[in-house]
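J.: Once you've had a glance at the structure underneath, I'll fire off some questions.
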Amino acid sequence: IISADNFRADSSQQIKSFCRILGCPCGIVYSPEELSMAIKSKSRGLLLIDTPGVNPRNDKEMDELQSLIKAAKPHEVHLVVSASTPAKDMVNMLESFGEFGTDKIFISKLDETEAPGGVITAVIGSGKRLSYVSCSREVPGQFGIANPESLAMAVLTGSPVKEGKPQWQMEAVGVWQ
Numbered sequence: 175i176i177s178a179d180n181f182r183a184d185s186s187q188q189i190k191s192f193c194r195i196l197g198c199p200c201g202i203v204y205s206p207e208e209l210s211m212a213i214k215s216k217s218r219g220l221l222l223i224d225t226p227g228v229n230p231r232n233d234k235e236m237d238e239l240q241s242l243i244k245a246a247k248p249h250e251v252h253l254v255v256s257a258s259t260p261a262k263d264m265v266n267m268l269e270s271f272g273e274f275g276t277d278k279i280f281i282s283k284l285d286e287t288e289a290p291g292g293v294i295t296a297v298i299g300s301g302k303r304l305s306y307v308s309c310s311r312e313v314p315g316q317f318g319i320a321n322p323e324s325l326a327m328a329v330l331t332g333s334p335v336k337e338g339k340p341q342w343q344m345e346a347v348g349v350w351q
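According to our numbering, the residues represented by the sequence shown are 175 to 351, in order.
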């Protein structure tokens, strides 16, 4: 995991702690050039890059994120959004982040809202594919591949949980917001 998210206080310490818990290597970079060098130093295997969350209305932040993405030359770009994001905001985000080559949407915090319909509707309307959904703050946490059953359960009942269990039971290493 390489983190370029260095804008929050102690963010690099947090990602290092997550990686230690997960048992995976961690790299911290502070510029697009460092990111490019870190990627080149990895010869094979899955490489996850954590970028900072940015305000889509802030041109400077958007330009900085664009520089990181250009330096990374990723195979896939997943936009991570909270399940409680209103549909109008989600549509605006998808439009703003469209220039980054967003391939898929990862819906986080599905357990923290009773109204995920707006974000799900906006994603469907965008034609983008959903990749994963998360439902936990634990590290490693409960997340899984987005499937129609768990999303329908969340919209219809206000919870992705059925009989006390999330509709997915998958643990993964290294994917979070």
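No residue lacks a Cβ here, since even glycine has one placed at the ideal position from N, Cα and C.
Treat the numbers as computed from the prediction; the structure is a model and nothing was measured.
Closest by CA to Ile-262, which one among Ala-296, Ile-243 and Arg-303?
T.: Taking the sequence shown and counting its residues from 1, one reaches residue 262 at position 88. A small correction: the amino acid at residue 262 is Lys; Ile does not occupy that position in the sequence shown. Measuring from the Cα of Lys-262, the nearest candidate turns out to be Ala-296.
J.: CB Asp-179 to CB Asp-224, shorter than 8 angstroms?
T.: Position 5 of the sequence shown, counted from the first residue, corresponds to residue 179. Position 50 of the sequence shown, counted from the first residue, corresponds to residue 224. In contact: Asp-179 and Asp-224 (Cβ atoms closer than 8 angstroms).
J.: What residue does the beta strand (DSSP E) around Ile-175 start on, and which one ends it?
T.: By 1-based counting over the sequence shown, the position of residue 175 is 1. First-last for Ile-175: undefined, no H or E at that position.
J.: Spatial neighbours of Phe-271 within its chain, please: CB distance less than 7 angstroms, with the 5 preceding and 5 following residues excluded, ordered by chain position.
T.: Within the sequence shown, residue 271 is the residue found at index 97, counting from 1. Closer than 7 angstroms at the Cβ level, and outside the excluded window around Phe-271, lie Pro-230 and Leu-253.
J.: Hey, could you find the ends of the beta strand (DSSP E) Leu-253 is sitting in?
T.: Here residue 253 is taken as the residue at index 79 of the sequence shown, counted from 1. 252-256 is the extent of the beta strand (DSSP E) around Leu-253.
J.: Decide if Pro-290 is buried, meaning its Cβ has at least 16 other Cβ atoms within 10 Å, or exposed.
T.: Sequence index remark: in the sequence shown, residue 290 carries index 116 (1-based). Per the 10 Å Cβ criterion, buried.
J.: I need the straight-line Cα distance from Val-255 to Ser-241, nearest angstrom please.
T.: As a position in the sequence shown, residue 255 is number 81, starting the count at 1. As a position in the sequence shown, residue 241 is number 67, starting the count at 1. Each residue's Cα considered, the two are about 21 angstroms apart.
J.: Which ranges does the beta strand (DSSP E) cover as unbroken runs of at least 3 residues, wholly within the segment 262-325, from first to last along the chain?
T.: Runs of the beta strand (DSSP E) inside the segment 262-325: 278-282, 303-308 and 317-319.
J.: Assuming Val-329 and Ile-294 form a contact by the criterion Cβ under 8 angstroms, report the distance between their Cβ atoms to the nearest whole angstrom.
T.: One-based indexing of the sequence shown puts residue 329 at position 155. One-based indexing of the sequence shown puts residue 294 at position 120. Val-329 to Ile-294, Cβ: 6 angstroms. Contact.
J.: When burial is assigned at 16 or more other CB atoms within 10 Å of the CB, is Leu-239 buried or exposed?
T.: In the sequence shown, counting from the first residue as 1, residue 239 sits at position 65. Buried is the call here.
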